[in-house]
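Since the structure comes first, as structure tokens, the remarks are kept for the end.
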Amino acid sequence: SGEKTVPTPPPPVLKEKEIVYTMTLHDLDEMEAGRSRGVFSLLFGGGEEKEISPDIRAAVDERVKKLVENKGGDRWAEIVPGVLFIEEGHMLDIEAFCFLNRAIESELAPIVIITTNRGITKIRGTDVEAPHGMPLDLLDRLFIITTDTYNEEEVRAIIKERVRVEGVRVDDKALAALTKLGVEKSLRYAIQLIAPAYEVAKAKGRDVIAEEDVEEVAELFSDVKRSVEHLKRYEKELLA
Numbered sequence: 001s002g003e004k005t006v007p008t009p010p011p012p013v014l015k016e017k018e019i020v021y022t023m024t025l026h027d028l029d030e031m032e033a034g035r036s037r038g039v040f041s042l043l044f045g046g047g048e049e050k051e052i053s054p055d056i057r058a059a060v061d062e063r064v065k066k067l068v069e070n071k072g073g074d075r076w077a078e079i080v081p082g083v084l085f086i087e088e089g090h091m092l093d094i095e096a097f098c099f100l101n102r103a104i105e106s107e108l109a110p111i112v113i114i115t116t117n118r119g120i121t122k123i124r125g126t127d128v129e130a131p132h133g134m135p136l137d138l139l140d141r142l143f144i145i146t147t148d149t150y151n152e153e154e155v156r157a158i159i160k161e162r163v164r165v166e167g168v169r170v171d172d173k174a175l176a177a178l179t180k181l182g183v184e185k186s187l188r189y190a191i192q193l194i195a196p197a198y199e200v201a202k203a204k205g206r207d208v209i210a211e212e213d214v215e216e217v218a219e220l221f222s223d224v225k226r227s228v229e230h231l232k233r234y235e236k237e238l239l240a
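Residue numbers for the sequence shown follow this note's numbering, so the first one is 1 and each next one is one higher.
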């Protein structure tokens with residue numbers, strides 16, 4: 001036959017196994033802070049939770065620097081910058097913007113993505129008006145990406161994905177009704193109706209959202225435009 005017996009290699013057999021741990025610098029800071037509290041506080045829970053001191057952060061940074069620099073020939077660690085996503089960036093105040101300006105100059109600074117839907121507005125904490133409510137010196141360092149309004153197919157795709165994430169089911173007519181609300185009212189309003197529509201469906205003994213469930217909760221919960229119209233209509237009675 002074409003088979004050949006290969007003898008087992010004599011012991012000891014050298015085996016190598018690579019284990020990779022992924023953690024953040026904050027995790028290392030917390031580990032170092034816990035070590036500095038002492039054994040008693042770790043076992044019995046004593047001690048007050050405080051902000052991590054600059055000395056501990058500096059010690060961790062120095063230790064990580066030695067692991068990454070690879071002076072001994074073996075690379076023990078690698079730092080991978082992450083992504084910082086800030087929604088509604090115009091809500092940050094001037095102190096937060098000053099911190100961001102300094103932080104993004106760091107060699108290991110993450111990719112910072114800021115979203116906003118404001119035009120010319122005041123920077124919080126100041127009387128200065130600026131585009132998007134952000135300081136001009138920060139805007140000069142950013143790439144600005146403009147976005148367009150979602151079309152009907154995009155709204156439908158986003159709602160379908162949201163339904164999948166929430167673990168509920170909708171029929172085709174209900175999906176069409178939610179899509180229509182997302183186009184005519186707002187996408188956020190349509191997404192917010194998914195949960196109450198599912199509760200209405202369950203109350204009726206169904207596990208699938210139907211068109212009538214969407215219509216019922218849409219009648220019950222107003223969107224911003226309909227709420228403003230209601231306030232204007234009954235303005236005098238409400239003020240009285």
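Where is the CB? At the ideal position from N, CA and C, for every residue including glycine.
With a 10 Å radius around its C-beta and 16 neighbouring C-beta atoms as the bar for buried, classify M31 as buried or exposed.
-> Walking along the sequence shown from the start, residue 31 turns up at place 31. Burial call: exposed.
Indicate whether P243 and V83 have their beta-carbon atoms separated by less than 7 angstroms.
-> As displayed, the chain neither begins before 1 nor continues past 240, which places residue 243 out of reach and without an answer.
With a threshold of 16 other CB atoms inside 10 Å of the CB of Y234, please say whether the residue is buried or exposed.
-> The sequence position of residue 234 within the sequence shown is 234, counting from 1. Result: exposed.
Alpha carbon to alpha carbon, how far is N101 from L220? Give it in angstroms, no decimals.
-> The count along the sequence shown starts at 1 and reaches residue 220 at position 220. The count along the sequence shown starts at 1 and reaches residue 101 at position 101. Whole-angstrom Cα-Cα distance: 45 angstroms.
Can you tell me whether I120 is buried or exposed, with buried defined as 16 or more other CB within 10 angstroms of its CB?
-> In the sequence shown, residue 120 corresponds to position 120, counting from 1. Exposed, by the Cβ-count rule.
Express the C-alpha separation of P135 and I86 in angstroms, rounding to a whole number.
-> Looking up residue 86 in the sequence shown gives position 86. Looking up residue 135 in the sequence shown gives position 135. One C-alpha to the other measures close to 16 angstroms.
Round the Cβ separation of H90 and G125 to the nearest angstrom and send it over; I've been treating them as touching at under 8 angstroms.
-> Looking up residue 90 in the sequence shown gives position 90. Looking up residue 125 in the sequence shown gives position 125. Contact doesn't hold; Cβ gap of about 12 angstroms is too wide.
Alpha carbon of I194 to alpha carbon of V170, nearest angstrom | As a working mapping, residue 194 is identified with position 194 in the sequence shown. As a working mapping, residue 170 is identified with position 170 in the sequence shown. Going from the Cα of I194 to the Cα of V170 covers about 9 angstroms.
Separation of R156 from L138, as counted between CA atoms | Working through the sequence shown from its first residue, we reach residue 138 at position 138. Working through the sequence shown from its first residue, we reach residue 156 at position 156. If you take the alpha carbons of L138 and R156, they lie about 36 angstroms apart.
Leaving out five residues on either side along the sequence, give the residues of the same chain with a beta carbon under 8 angstroms from the beta carbon of D29.
-> Taking the sequence shown and counting its residues from 1, one reaches residue 29 at position 29. If we look at D29 and ignore the five residues flanking it on each side, its Cβ neighbours are I52, I56, R57, V60.
Kindly provide the ranges of any alpha helix (DSSP H) runs that are 4 or more residues long and lie completely inside the segment 107-151, ordered along the chain.
-> 136-139
Could you check the C-alpha separation between D27 and P7 for me, to the nearest Å?
-> Sequence index remark: in the sequence shown, residue 27 carries index 27 (1-based). Sequence index remark: in the sequence shown, residue 7 carries index 7 (1-based). Cα-Cα distance, rounded: 48 angstroms.
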